[in-house]
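Input: a single structure, listed below in C-alpha cells.
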Amino acid sequence: MKITTMGIDAVEAHQFDRGPFQSCISIAFASGAGWDNDRPQALLSPLFREVLRVAFDDCAQYPGAKNSTVELTPGQAMTIVVFALAQHAAGRNLVIHCGAGMSRSVAIAAALASLFVWEWTNPRDVHNQTVYNLISEAAYLYGRTLDPPRGGANG
0 MKITTMGIDA
10 VEAHQFDRGP
20 FQSCISIAFA
30 SGAGWDNDRP
40 QALLSPLFRE
50 VLRVAFDDCA
60 QYPGAKNSTV
70 ELTPGQAMTI
80 VVFALAQHAA
90 GRNLVIHCGA
100 GMSRSVAIAA
110 ALASLFVWEW
120 TNPRDVHNQT
130 VYNLISEAAY
140 LYGRTLDPPR
150 GGANG
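If you read the sequence shown in numbering that gives the first Met the number 0, its first letter stands for residue 0, the second for the next number, and so on.
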C-alpha cells in the first residue's frame, strides 16, 4: 500500500482520475481554529472510491485562532486505523490531507507507515506527536482485538 500526504489546495486541485491513489482521509479543522476558517472541508474529487472525513484541530495555535481546540479523540483514531486497513485490504492506495499537509496528515501517515510497513511516497519528519501517538495506540488496541484468546477458559 502507498500513502501520500498533501494540503487542502493540492488535494482539491488533483483529480486522481488515472493516478495511483483511490482513497482519501480528509481532515478538517473542528473548531475553526485553523488558518483557513473560510474553507472547513475540502472539495474532493468524486473519483475517490472511499473517503473518510474527520475533524480535529492541530495542537498548535495559529494566528487568529479561537482559544479552544478540538483534539483527535481515541475513537476517531480507531476509525482512521480501521478505514486505512480496509483500504489496504481492498488494494487501494491512500491520500491523507489536512490544511497544509504538514502536521496532522503527516502524523497519521508516519504512524501508519511505520506500524504496517506501508510505502510513504513523501515522508516528512515534522508532525504532530500527539496525533502520531493516538494513531499508534489505536492500531495496537485494534490489533489486540484480532488476537485469538490464549490459555483456554482460565486464561
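Beta carbons are placed, not taken as given, at the ideal position from N, Cα and C, and that holds for glycine. Quick caveat, the model's predicted, so the values are computed rather than measured.
Item	Value
Neighbourhood of residue 8 by C-beta, 8 Å cutoff - its chain only, sequence neighbours within 5 removed	none
Whether residue 41 touches residue 70 by CB criterion (7 Å)	no
Beta-carbon proximity check, residue 28 vs residue 56, cutoff 7 Å	yes
Cβ-Cβ separation, residue 51 to residue 78 (assumed contact under 8 Å), whole Å	7 Å
Whole-angstrom distance between residue 94 and residue 24, CA atom to CA atom	6 Å
Between the CA atoms of residue 105 and residue 13 - distance to the nearest angstrom	18 Å
Spatial distance of residue 72 from residue 130 (CA atoms)	9 Å
Whole alpha helix (DSSP H) elements within the segment 72-137, 4-residue minimum	73-88, 103-115
Local Cβ density within 10 Å of residue 75, reported as buried at 16 or more and exposed below that	buried
Extent of the continuous alpha helix (DSSP H) to which residue 10 belongs	7-12
Pick from 139, 49, 43 that is closest to residue 88, judged by C-alpha positions	49
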